[in-house]
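**Q** Using my numbering, read the sequence shown as starting at 1 and increasing by one per residue.
Ideal Cβ placement from N, Cα and C applies to all residues, glycine included.
Please read through the structure below; I'll follow up with questions.
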Amino acid sequence: MRLTQGSPGARVLAFGHYQPANVVTNDDLAARMDTNDEWIQSRVGIAERRIASDNESEIDLAVQAGGKALAASGLSSDDIDLVIVATCTMETQIPNAAGRVAHRLGVEAPGAYDVNAACAGFCYALAAANDAVRAGSATNVLVVGTEKFSPWIDWQDRATAVIFADGAGAAVVGPSDTPGIGPVVWGSAGDKSDAIIIKDRESFLHQEGQTVFRWATTALHPVAREACERAGVDPAELAAFVPHQANLRIIEAIARKLGADKAVIARDIVHAGNTSAASIPMALSRMIERGEVPSGGLALLFGFGAGLAYAGQVIEIP
Ligand code: UT7
């Protein structure tokens, strides 16, 4: 038996993102349920979010974001030989999202699979892409995080309706002589798996907000630090910290404890809401588009959520 020859390293060549057109403000929600702009902004940090229309699926969102990442990478669909989609809101159990996204983008016969690690899903998928390129099982990988949360939300339940939203973000990963994606640090707390749950196809998302909030603000900053340590990077060197956009108070608590003093902190949640696996690539893609972060700078990506699962890695910003 022979082993394949991989690449010494892998890197993100480009990001892309897509949000549905329909903006839902806090006042829109306050007109439908017992909530208000002040509560949502002060407790969660969200001012508005985007909600997809009935005829726009999570596949449609993924195709838009994936197409933009592909165009920005300078590669063509023929260059991609693996597509990984991170999502936890698929409408159908079979078929998966990755094969359909690949087909719609004209990627011929790639490896194609989905990852469900909820809000940590993009970082898991990026780690898998990095490993595949380095091991030689893929040359160029399209990684997409896509979520259509709206059908899984009870729009009468103010505890969840004000938080979750729809969107997609994507990255193209390719070979590199120098490391552009650091070692992943990942883990889970299955004992708390009931804290965020969609019980069955007839159920809406339910979460024990306080349990998740306490866990996120006390248990996760050491993991974020470890992702830096394993990459040989001091948090003070980071140009950007891009955590999952769960709650602005959680983002700021982890950022403070991490000590990423020079980093631009992603606060995409303000205008995007919580889009789970899509939130990290969407946030960074928008930061790059606005020119807020330098190409070649280091960013710590850090996902956490249902499972409870978490994962993070340092990357070089394309
Ligand atoms: O991405 C997945 C990971 N998930 C998370 O990261 C979620 C983590 N948790 C959180 O972000 C927060 O726990 C929430 C935003 C979900 C809730 O904030 P909280 O500060 O923990 O509020 P709470 O659940 O303790 O509720 C406080 C009060 C309650 O009223 P009483 O019992 O004190 O009278 C709630 O009924 O706020 C009330 N409340 C609301 N009031 C107005 C809950 N939701 C709302 C609302 N508007 N939307």
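#1: What does the alpha-carbon distance come out to for the pair Ala266 and Met1?
#2: Output yes or no for whether 7 Å exceeds the beta carbon distance between Val223 and Val173.
#3: Going by beta carbon distance, what residues of the same chain come within less than 8 Å of Ala135, once the five residues before and after it are set aside?
#4: What first and last residue would you give for the alpha helix (DSSP H) that runs through Gly99?
#5: Once you ignore the five residues that flank Pro20 on each side, which residues in its own chain have a CB closer than 8 Å to its CB?
#6: For Arg230, which residues from the same chain have a beta carbon less than 7 Å from its beta carbon, with the 5 sequence-adjacent residues on both sides left out?
#7: So, for Phe302: in the same chain, excluding its five sequence neighbours on each side, which residues have a beta-carbon less than 6 Å away from its beta-carbon?
#8: Could you give the C-beta distance for Val83 and Ala102, rounded to a whole number, given that I count them as a contact under 8 Å?
#9: Return helix, strand or coil for Trp319, following the three-state DSSP convention.
#10: Following a CB-centred definition, is Ala246 positioned closer than 6 Å to any heavy atom of the ligand UT7?
#11: Could you tell me which uninterrupted alpha helix (DSSP H) segments, each at least 4 residues in length, are contained entirely in the stretch 265-304, listed from first to last along the chain?
#12: Could you spell out where the alpha helix (DSSP H) holding Pro222 opens and where it closes?
#13: Pop quiz: Ala170 and Gly66 are said to be a contact at Cβ under 8 Å. What is the actual Cβ separation, rounded to whole angstroms?
#14: Between Leu300 and Leu238, is the Cβ-Cβ spacing less than 7 Å?
#15: Please report the Cβ distance between Val44 and Val162, rounded to the nearest whole angstrom; I am assuming they are in contact, meaning their Cβ atoms lie under 8 Å.
**A** On the basis of the data shown:
#1: Between the C-alpha atoms of Ala266 and Met1 there is a straight-line separation of about 46 Å.
#2: Result no, Cβ atoms of Val223 and Val173 do not sit closer than 7 Å.
#3: The beta carbon of Ala135 sits closer than 8 Å to the beta carbons of Thr4, Gly6 from its chain, once the five residues preceding and following it are set aside; these are given in chain order.
#4: 97-104 is the span of the alpha helix (DSSP H), which, as asked, contains Gly99.
#5: Excluding positions up to five away in sequence, the list reads Arg50, Ile51, Ala52, Ser53, Glu56, Leu61, Asp166, Gly167.
#6: These residues qualify, in order along the chain: Gly182, Pro183, Val185.
#7: Closer than 6 Å at Cβ, skipping near neighbours: Ala224, Pro243, Gly312.
#8: Indeed, because the Cβ distance is near 4 Å, the residues count as touching under 8 Å.
#9: Within the shown structure, residues of the chain are numbered from 1 to 318, placing residue 319 beyond reach of any answer.
#10: It does: the Cβ of Ala246 is within 6 Å (strictly closer) of some heavy atom of the ligand UT7.
#11: As far as the stretch 265-304 is concerned, its whole alpha helix (DSSP H) runs of at least 4 residues are 269-272, 279-289.
#12: Unbroken alpha helix (DSSP H) run through Pro222: 221-231.
#13: Confirmed, Cβ separation roughly 4 Å.
#14: For Leu300 and Leu238, yes; Cβs fall inside 7 Å.
#15: A Cβ-Cβ distance of about 6 Å is found for the pair Val44 and Val162, placing them in contact under the 8 Å criterion.
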